[in-house]
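Undergrad:
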């Protein structure tokens, strides 16, 4: 079978023709990375990780961060050789041919769309908490959770997904200043959390450290889920062509943002474990319950009914809940507000990523080009945005956040693997090609 | 930097295998649908397959990428 490859040099030539203003430095790239990374992962999936690994989730954070760091180095190598605003799809097309590129693009569509659903559900948890505590409106559990979490339909998640889709269709653009504010909000929220908890950490909360062992429901499985908390750093490599001295600054931005986030996550995890009950919830017979299952939801409901304190693994707004449970009511509200403000922009970013990949694949002839046609007035690919948005909203309405994050991770891991293999292939095939990084 | 790529491949495969069964199964099913679509549609319509070398990543109407936060207020 002849391999259909898009020549690297043609991609390079296009990139050179379009001489963008190179203005970004290492600091801005690191900010971009942090802005892309911090999202639903740390704000919501901490509960998921606690249910799988208990205090051992700290090791899970390190494992997931490490895998992302080596993947990020592969992205650096490719982004410095092929400085176009491409994705794993572009790189694969140029190195391993059309079939694999298609599979990567297809997996990226899954990754971005399902991630948008996951973040919508994550946002819903915090939004419901905000409404309950500060507006006095309690959304009945039936309409604030999907069927797996003991409800019928997650209305807030459905609404936010459709709202963001609508904004994208009429051509909402991200603003550099607004994004800077959001990064500050997220970093401040996590910093406040760490400051509030770090002084009262109790060491006995850390035993047993790995109550479920190291397997799929254990430290390893928690790492595979919490991996979601690191995805988004590839935003840095897409900005490679606008970067001053990209060979130096892109790796700094990628690794810098990953290291900063890992340190933050470890401190936050330590705060959660040390001040609240982060041990996994067990069934009536002491059996291990998997997160996002109906058994867990009903066990959590039973614990609350008995009037006992809710374990972290049950909470839909883990960080806000931890602060409130140790008496920091106001601060818990502020963290909730920060998540409520910041997460919709993450949904926006995911949907943007999805339409971008879809759009380029359609222009390459692999998907019907009509789907990616641009609206005459809005100047947006409104058809693909609308189709995606409906699917994202349906998934957000009925599936639990952890399951969605896991599915998104499977797509991401596939794309990362392909990028790493592309690096290996290129080293073999074109050992003399200029590798600035 | 020789070691990064093999480590990334091994790490990603390991994390994939540690995902719960249902999440693990979504990828092959989704991929199967993708393969079917490729051989029914993309394979024939592909511009590269028709000998056209085009780069669309830089088209002016492609949805924009993430906007770097600017610290200038």
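Protein chains in written order, with our numbering: chain A, 12 to 448; chain B, -14 to 58. Even glycine gets a Cβ: it sits at the ideal position worked out from N, Cα and C.
#1: Measuring only the C-alpha atoms, how far is residue 256 of chain A from residue 436 of chain A?
#2: So is residue 320 of chain A buried or exposed if we call it buried at 16+ other beta carbons inside 10 Å?
#3: Please classify residue 146 of chain A as buried or exposed, where buried requires at least 16 neighbouring CB atoms within 10 angstroms.
#4: Mapping the DSSP letters down to three states, classify residue 41 of chain A as helix, strand or coil.
#5: With 16 as the cutoff for other CB atoms within 10 Å, does residue 6 of chain B come out buried or exposed?
#6: Run through DSSP, which three-state label would residue 293 of chain A get?
#7: Any beta carbon of chain A sitting closer than 7 angstroms to that of residue 0 of chain B?
#8: Under a CB-based cut-off of 7 angstroms, is residue 3 of chain B close to chain A?
#9: Where in the segment 107 to 154 of chain A do unbroken runs of the alpha helix (DSSP H), each at least 4 residues long, occur, reported from the N-terminal end onward?
#10: On the three-pair Cβ rule with 8 angstroms, is the segment 129 to 142 of chain A touching the segment 326 to 337 of chain A?
#11: Let me confirm a value: residue 214 of chain A is counted as buried when at least 16 other C-beta atoms fall within 10 Å, else exposed. Which label applies?
#12: Does chain B have any CB closer than 7 angstroms to the CB of residue 212 of chain A?
#13: Can you find the residues in the same chain that come closer than 8 angstroms, C-beta to C-beta, to residue 446 of chain A, ignoring five residues on each side of it along the sequence?
#14: To the nearest angstrom, report how far apart residue 21 of chain A and residue 41 of chain B are at their CA atoms.
#15: Which complete beta strand (DSSP E) runs does the segment 152 to 230 of chain A hold, if anything under 3 residues is left out?
#16: When the Cα atoms are used, what is the spatial distance from residue 112 of chain A to residue 23 of chain B?
#17: Shorter than 7 angstroms from the beta carbon of residue 431 of chain A to some beta carbon of chain B?
#18: From residue 44 of chain A to residue 317 of chain A, what does the alpha carbon distance come to, in whole angstroms?
#19: I want to verify the contact list: residues of chain B whose CB lies under 8 angstroms from the CB of residue 113 of chain A, in sequence order.
#20: Residues in its own chain within less than 6 angstroms of residue 179 of chain A by CB, not counting five upstream and five downstream?
#21: Extract the residue ranges of the alpha helix (DSSP H) inside the segment 354 to 383 of chain A, only unbroken runs of 4 or more that lie entirely within it.
#22: Quick check on the burial criterion: 16 or more other C-beta atoms within 10 angstroms. Buried or exposed for residue 268 of chain A?
#23: Report the three-state DSSP secondary structure of residue 35 of chain A (helix, strand or coil).
#24: Just how far apart, CA to CA, sit residue 8 of chain B and residue 349 of chain A?
#25: Check each residue of the segment 181 to 209 of chain A: if its Cβ is closer than 9 angstroms to any Cβ of chain B, include it; give the result in chain order.
#26: Would you say the segment 234 to 248 of chain A touches the segment 48 to 68 of chain A, given that touching needs at least three Cβ pairs under 8 angstroms?
#27: Spatial neighbours of residue 380 of chain A within its chain, please: C-beta separation below 8 angstroms, excluding the five flanking residues on both sides.
#28: For a test of your reading of the model: does the CB of residue 359 of chain A fall under 6 angstroms from any non-hydrogen atom of the ligand HEM? Yes or no.
#29: Starting from residue 82 of chain A, find everything on chain B with Cβ-Cβ shorter than 8 angstroms and list it in chain order.
#30: Which whole-angstrom value is the C-beta distance of residue 302 of chain A and residue 175 of chain A, which I expect to be below 8 angstroms?
#31: Please check the pair residue 208 of chain A and residue 64 of chain A, which I expect to be a contact at CB under 8 angstroms, by giving their CB distance rounded to whole angstroms.
#32: List, in chain order, every chain B residue whose beta-carbon is nearer than 7 angstroms to that of residue 422 of chain A.
TA: Well, looking at it:
#1: 26 angstroms
#2: exposed
#3: exposed
#4: helix
#5: exposed
#6: strand
#7: yes
#8: yes
#9: 109 to 141
#10: yes
#11: exposed
#12: no
#13: 88, 91 and 92
#14: 11 angstroms
#15: none
#16: 11 angstroms
#17: yes
#18: 44 angstroms
#19: 19, 23 and 27
#20: 362 and 396
#21: none
#22: buried
#23: strand
#24: 30 angstroms
#25: 184, 185, 186, 187, 188, 189, 190, 191, 192, 193, 194 and 195
#26: yes
#27: 373 and 374
#28: Here there are no bound small molecules, and the ligand HEM is not part of this structure.
#29: -7, -4 and -3
#30: Not confirmed; about 25 angstroms, so no contact.
#31: That pair is no contact at about 19 angstroms.
#32: 12
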